[in-house]
Amino acid sequence: MLKPMIHIVLFRNDLRLDHQPALQAALDARETHDQIVLLFHLNPSQFAPKTARHDYFFKTLNWFQTECQQIAPLHFIAGELSAAFTSLLATLGTNVTFYFNRQLSGERLRRDQQLIALLEDKQIPYQQFLDGHLHGVAEVKKADGSSYRVFTPYYRQWLALEKPSWHRIRCEQSCSPQYEGACFDEGRRVFAGLLTQLRAQQWDETIGVTAARQQLEQFIAGPLATYDYDRDFPARAGTSRMSPYLKYGVLSIVEVYRRVVTSEQRGQATYIKELAWRDFYQMIACENPTIQTEALTPQYRALEWEVNPAGFNAWCKGETGYPLVDAAMKQLNATGWMHNRLRMVVSSFLVKDLGIDWREGERYFAEKLIDYDRASNAGGWQWAASTGVDAVPYFRVFNPTVQSKRFDPDGAFIRRWLPELVLAKSKEIHEPQKYGLTYLAPIVDHQTARLAAIERFKRIKNKTDG
Ligand SMILES: Cc1cc2nc3c(=O)[nH]c(=O)nc-3n(C[C@H](O)[C@H](O)[C@H](O)COP(=O)(O)OP(=O)(O)OC[C@H]3O[C@@H](n4cnc5c(N)ncnc54)[C@H](O)[C@@H]3O)c2cc1C
Numbered sequence: 001m002l003k004p005m006i007h008i009v010l011f012r013n014d015l016r017l018d019h020q021p022a023l024q025a026a027l028d029a030r031e032t033h034d035q036i037v038l039l040f041h042l043n044p045s046q047f048a049p050k051t052a053r054h055d056y057f058f059k060t061l062n063w064f065q066t067e068c069q070q071i072a073p074l075h076f077i078a079g080e081l082s083a084a085f086t087s088l089l090a091t092l093g094t095n096v097t098f099y100f101n102r103q104l105s106g107e108r109l110r111r112d113q114q115l116i117a118l119l120e121d122k123q124i125p126y127q128q129f130l131d132g133h134l135h136g137v138a139e140v141k142k143a144d145g146s147s148y149r150v151f152t153p154y155y156r157q158w159l160a161l162e163k164p165s166w167h168r169i170r171c172e173q174s175c176s177p178q179y180e181g182a183c184f185d186e187g188r189r190v191f192a193g194l195l196t197q198l199r200a201q202q203w204d205e206t207i208g209v210t211a212a213r214q215q216l217e218q219f220i221a222g223p224l225a226t227y228d229y230d231r232d233f234p235a236r237a238g239t240s241r242m243s244p245y246l247k248y249g250v251l252s253i254v255e256v257y258r259r260v261v262t263s264e265q266r267g268q269a270t271y272i273k274e275l276a277w278r279d280f281y282q283m284i285a286c287e288n289p290t291i292q293t294e295a296l297t298p299q300y301r302a303l304e305w306e307v308n309p310a311g312f313n314a315w316c317k318g319e320t321g322y323p324l325v326d327a328a329m330k331q332l333n334a335t336g337w338m339h340n341r342l343r344m345v346v347s348s349f350l351v352k353d354l355g356i357d358w359r360e361g362e363r364y365f366a367e368k369l370i371d372y373d374r375a376s377n378a379g380g381w382q383w384a385a386s387t388g389v390d391a392v393p394y395f396r397v398f399n400p401t402v403q404s405k406r407f408d409p410d411g412a413f414i415r416r417w418l419p420e421l422v423l424a425k426s427k428e429i430h431e432p433q434k435y436g437l438t439y440l441a442p443i444v445d446h447q448t449a450r451l452a453a454i455e456r457f458k459r460i461k462n463k464t465d466g
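Position 375 (the sequence shown) corresponds to 375 in the UniProt record's numbering; numbering is contiguous.
Now the structure itself:
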């Protein structure tokens, strides 16, 4: 009799059972006596304890472990990649096939390449799939095969392409017979240890697919209709809050896209355009591996930034004296999430008003955001810093007070996060110092800072253009 094959499904940032291309392929490939192993590799070099995203990720993984019981246990292996997989294969033998969804850029891609090299070396078959994005890097290209650097033409082509269809995996389909073995004991122990270190968080109740679907349906039934307009006002529940779920793959991007399209709500076209920005930045990150560390516009690599630890510290804590900036940073520090309009306002403030290197802000967001995504975050920071592709022009400097009056007109968002201003009138709340209210003095004068920021860019342009 032939030895049964073991199909190993390796999960990473795709923690779901529905529309999971790698899992689906393994289930489709299995013969009657074959075994399925659902696997997660715990790599200590990836742990970032005490950051919000670490807690969010491992709480999500813990929830997913329970979810997996519907079909098979989720097993863990732990340790440095090559040692962990070599040891696993030494136990399971070579009659195995690996299934995983491809990682597209950064450190994750490097680890995928390492794993693939190891599997090929041992002649172990594997299958990879596109997941996490509606269109991969290679799908949206100019006629001459080169990549877009401007969003609008990219988007036009992106929109015209057929989108993947969505299907639910049959959850009653149990993966028996299942593989059980002592090779997973160490991983189980490491995972249990990790769980004990996680801290209680505001968003604990929002973990997992049930909460994610509830949130999506609420958004579609209500805010989506007015998304075009409301999405810019941080005091309103005007956006979908899908970003952490998309980040860890709790919901498939295809499911989100299909639900929004079939809703036929006003607002859907604008919403889908935001999903295209996500693919666009992913494409840019793949094409530019140094997106986190190097200006995408070569001319701006020589920009000279201010060394201003006190300013940076005040920005981080939400103590700049500009109420909207401060309220936004307090939202980030307390919840691990920040509204998109505010991400634009605070990033612009750090880079243009304080003259601080965008990379410092990028790193701070990486530490604090539960939806931290390397491509969207670095793309967003480079947009704000005017160093990126299709970025805000360097001479268009956001005025934090004007932004405050326009997007939080009655100060409802500011009052939520700055109790000291709860009694301020709507007219006063955007610049309380002007009305003699007790609030921190602004750490910088915006008008002076604006001119200095423009000057900083002009100096470089004069040097390199001339
Ligand atoms: C400086 C800066 C840093 C950012 N860092 C991140 C990050 O680390 N992770 C992240 O997911 N988004 C990031 N964004 C993009 C955006 O702010 C968030 O995606 C959005 O606020 C998430 O909230 P939501 O799900 O309610 O958005 P919605 O308005 O409901 O949008 C739906 C989805 O579209 C995608 N999306 C929306 N806007 C953008 C955008 N500008 N760029 C890329 N994708 C977008 C997101 O996946 C989002 O969940 C950043 C933006 C800026 C300006």
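We put the beta carbon where it would ideally sit given N, CA and C, even for glycine.
Residue i classed as buried or exposed, judged by whether at least 16 other C-beta atoms fall within 10 angstroms
i, result
"PHE365", "buried"
"PHE398", "buried"
"residue 472", "Past the edges of the chain, shown from 1 to 466, lies residue 472, and the structure says nothing about it."
"GLY93", "exposed"
"TYR435", "exposed"
"PHE85", "buried"
"ASP326", "buried"
"GLY458", "In the sequence under discussion, the amino acid at residue 458 is Lys, which differs from the Gly named in the question. When all chains shown are included, LYS458 counts as exposed."
"ARG199", "exposed"
"ARG101", "A quick correction: the sequence has Asn, not Arg, at residue 101. So ASN101 counts as buried."
"ASN214", "The identity of residue 214 in the sequence shown is Gln, whereas the question assumes Asn. Burial call: exposed."
"ASP357", "buried"
"residue 468", "Outside the shown range of the chain, which is 1 to 466, sits residue 468, and nothing can be said about it."
"LEU451", "exposed"
"ASN288", "buried"
"VAL150", "exposed"
"GLY380", "buried"
"ASP121", "exposed"
"THR206", "buried"
"PHE11", "buried"
"PHE40", "buried"
"ARG359", "buried"
"THR320", "buried"
"PRO49", "exposed"
For residue j and residue i, believed in contact at Cβ under 8 Å, the rounded distance
i, j, result
"LEU195", "ASN333", "LEU195 to ASN333, Cβ: 24 Å. No contact."
"VAL140", "GLN157", "5 Å"
"ALA375", "ILE284", "7 Å"
"GLY324", "SER404", "Reading the sequence as shown, one finds Leu at residue 324 and not Gly. Confirmed, about 4 Å."
"ILE77", "PHE184", "7 Å"
"LEU296", "SER263", "The Cβ separation is near 35 Å, so there is no contact."
"ILE291", "ALA378", "4 Å"
"HIS203", "THR335", "Position check: residue 203 holds Trp in this sequence, whereas His was assumed. Yes, TRP203 and THR335 are in contact; Cβ-Cβ is about 7 Å, under 8 Å."
"residue 471", "HIS75", "Residue coverage of the chain in this structure runs from 1 to 466, which leaves residue 471 outside it and unanswerable."
"MET97", "PRO73", "The question names Met, but residue 97 is Thr in the sequence shown. THR97 to PRO73, Cβ: 19 Å. No contact."
"VAL209", "VAL250", "5 Å"
"residue 468", "CYS286", "The chain is shown from 1 up to 466; residue 468 falls before or after that span and cannot be answered."
"TYR155", "ALA276", "5 Å"
"TYR271", "TYR227", "5 Å"
"HIS167", "TYR99", "Contact flag wrong, Cβ pair sits at about 17 Å."
"GLN114", "LEU81", "6 Å"
"ALA221", "TYR245", "No, ALA221 and TYR245 are not in contact; Cβ-Cβ is about 17 Å, not under 8 Å."
Residue i - partner residues in DSSP beta bridges
i, result
"PHE129", "ASN101"
Is there contact here, the segment 421 to 432 with the segment 403 to 410, by at least three beta-carbon pairs under 8 Å? yes
What are the start and end residues of each continuous beta strand (DSSP E) run of 3 or more residues lying completely inside the UniProt domain "Photolyase/cryptochrome alpha/beta" (5 to 134), in chain order? Scanning the UniProt domain "Photolyase/cryptochrome alpha/beta" (5 to 134) for uninterrupted beta strand (DSSP E) segments of 3 residues or longer gives 6 to 11, 35 to 42, 74 to 78, 96 to 101, 126 to 129, listed from N- to C-terminal end.
Does the segment 14 to 22 touch the segment 52 to 72, meaning 3 or more C-beta pairs lie closer than 8 Å? yes
Touching or not, the segment 229 to 239 and the segment 366 to 384, by the rule of three or more beta carbon pairs under 8 Å? no
Where in the segment 319 to 362 do unbroken runs of the alpha helix (DSSP H), each at least 4 residues long, occur, reported from the N-terminal end onward? 323 to 335, 340 to 348
What ranges does the alpha helix (DSSP H) occupy inside the segment 212 to 288, keeping only unbroken runs of at least 4 residues that lie completely in it? 227 to 230, 243 to 247, 253 to 263, 268 to 287
Answer yes if the segment 294 to 314 comes into contact with the segment 380 to 395, meaning at least three C-beta pairs across the two stretches below 8 Å, and no otherwise. yes
Would the segment 332 to 347 and the segment 25 to 41 be scored as touching if the rule is three or more Cβ pairs under 8 Å? The way I'd put it, the segment 332 to 347 doesn't touch the segment 25 to 41; fewer than three beta-carbon pairs between them come closer than 8 Å.
Closer than 8 Å is the cut-off here; do at least three beta carbon pairs connect the segment 435 to 453 with the segment 347 to 366? yes
For the segment 39 to 54 against the segment 117 to 135, do three or more pairs of beta-carbon atoms, one drawn from each stretch, fall closer than 8 Å, so that the two count as touching? no
Taking the runs of the alpha helix (DSSP H) that are 4 residues or longer, which of them lie wholly in the segment 375 to 447? Runs found: 400 to 407, 412 to 417.
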